[in-house]
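These protein sequence lines map, in sequence, to chains W and D.
By this note's numbering, the letter at position 7 of the first sequence is numbered 7, and the numbering carries on one by one without gaps.
The number in this note's numbering is simply the position in the second sequence, starting from 1, with 115 added.
Heads up, the beta-carbon is just placed ideally off N, CA and C, and yes, glycines get one too.
As the structure is a computational prediction, the values presented were derived from the model and not from experiment.
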Amino acid sequence: DAGVIQSPRHEVTEMGQEVTLRCKPISGHDYLFWYRQTMMRGLELLIYFNNNVPIDDSGMPEDRFSAKMPNASFSTLKIQPSEPRDSAVYFCASSARTGSNQPQHFGDGTRLSIL
Amino acid sequence: AQKITQTQPGMFVQEKEAVTLDCTYDTSDPSYGLFWYKQPSSGEMIFLIYQGSYDQQNATEGRYSLNFQKARKSANLVISASQLGDSAMYFCAMREGRHFGNEKLTFGTGTRLTIIP
Chain W
1 DAGVIQSPRH EVTEMGQEVT LRCKPISGHD YLFWYRQTMM RGLELLIYFN
51 NNVPIDDSGM PEDRFSAKMP NASFSTLKIQ PSEPRDSAVY FCASSARTGS
101 NQPQHFGDGT RLSIL
Chain D
116 AQKITQTQPG MFVQEKEAVT LDCTYDTSDP SYGLFWYKQP SSGEMIFLIY
166 QGSYDQQNAT EGRYSLNFQK ARKSANLVIS ASQLGDSAMY FCAMREGRHF
216 GNEKLTFGTG TRLTIIP
């Protein structure tokens, strides 16, 4: 079975540009999560969705960040305008609906560098 | 206060030896789940093992087992017969509560494990 698919794997862009990260969750999973990983702050939850509806976006750092999930098989995380401090690895993860023991399955991440 | 504490930033272990990675947690919720993930140098996050707060037995999954001591609020990962491929970062994480809305995982800072041949 296909896992969580993220694109692009690497993104290098200049400050001020719009960045769009994409994620396809595992088919049948009802929850989708966006994380950011940096050396300084570790792994942080940015936002998560249940059945395409944003449930908790308290981790989104500021208004420059936005996330959407237009359907069950696709989500985007957008940064506009981007800044050098946004450089990080961004992970998307998904999990099944039932059971507190359901793990989150992670994609391979997008390594983002803002110059 | 940190919800998940991993006090060992790095560990070096001889191949074929067993290794214990420490994790302590802080929660007042009687219902919670603890997860361990492995992150190799290639960067992906791999789920290893889960322990629920109401589970009567320690979780096991192949060479991985969890030494769950509820009263001490610790959930240490034990890797038996370590292999070179076990070299990676290991993260402990917790989900509090089992009702809708509490799907957040809080991660520790990780332990970098290096297996020496």
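Beta-carbon proximity check, residue i vs residue j, cutoff 8 Å
i: P81(W); j: Q17(W); result: yes
i: L115(W); j: V12(W); result: yes
i: F58(D); j: T226(D); result: Outside the displayed span of chain D (116 to 232) sits residue 58(D), for which this structure offers no information.
i: A203(D); j: Q154(D); result: yes
i: M69(W); j: N52(W); result: yes
i: C23(W); j: G107(W); result: yes
For residue j and residue i, the rounded distance between their alpha carbons
i: T139(D); j: L32(W); result: 27 Å
i: K219(D); j: L199(D); result: 32 Å
i: F49(W); j: T135(D); result: 34 Å
i: S157(D); j: D144(D); result: 35 Å
i: Y205(D); j: S95(W); result: 20 Å
i: S168(D); j: T122(D); result: 21 Å
i: P84(W); j: V19(W); result: 12 Å
i: G111(D); j: T142(D); result: Given that chain D is displayed from residue 116 to residue 232, the structure contains no residue 111(D) and the question cannot be resolved.
i: P124(D); j: W151(D); result: 15 Å
Closest residue to residue i among the options (Cα-Cα distance)
i: P25(W); options: A2(W), R64(W), S66(W), T38(W); result: A2(W)
i: I161(D); options: S113(W), T110(W), H105(W); result: H105(W)
i: V193(D); options: G148(D), S146(D), K131(D), Y147(D); result: K131(D)
i: G148(D); options: C207(D), Q117(D), D201(D), R178(D); result: C207(D)
i: T120(D); options: Q172(D), L163(D), K188(D); result: K188(D)
Identified DSSP bridge partners for residue i
i: H89(W); result: Correcting the residue identity first, residue 89(W) is Val in this sequence and not His. Bridge partners of V89(W): Q37(W), R111(W).
i: I164(D); result: W151(D)
i: G42(W); result: T38(W)
i: T139(D); result: T120(D), S189(D)
i: H10(W); result: R111(W)
i: P54(W); result: F49(W)
i: Y179(D); result: E176(D), I194(D)
i: R22(W); result: S7(W), T76(W)
Close Cβ partners of residue i (< 6 Å) along its chain, the five nearest in sequence each way excluded
i: F65(W); result: I79
i: D86(W); result: I79, I114
Close Cβ partners of residue i (< 7 Å) along its chain, the five nearest in sequence each way excluded
i: E44(W); result: Y35, R36, G59
i: G42(W); result: none
Same chain only: Cβ atoms within 8 Å of residue i, ignoring 5 sequence neighbours per side
i: P54(W); result: I47, Y48, A67, M69
Select from the region 150-174 of chain D all residues with a C-beta closer than 7 Å to any C-beta belonging to chain C, and list them in chain order. Chain labels in this structure do not include chain C; the protein chains are W and D.
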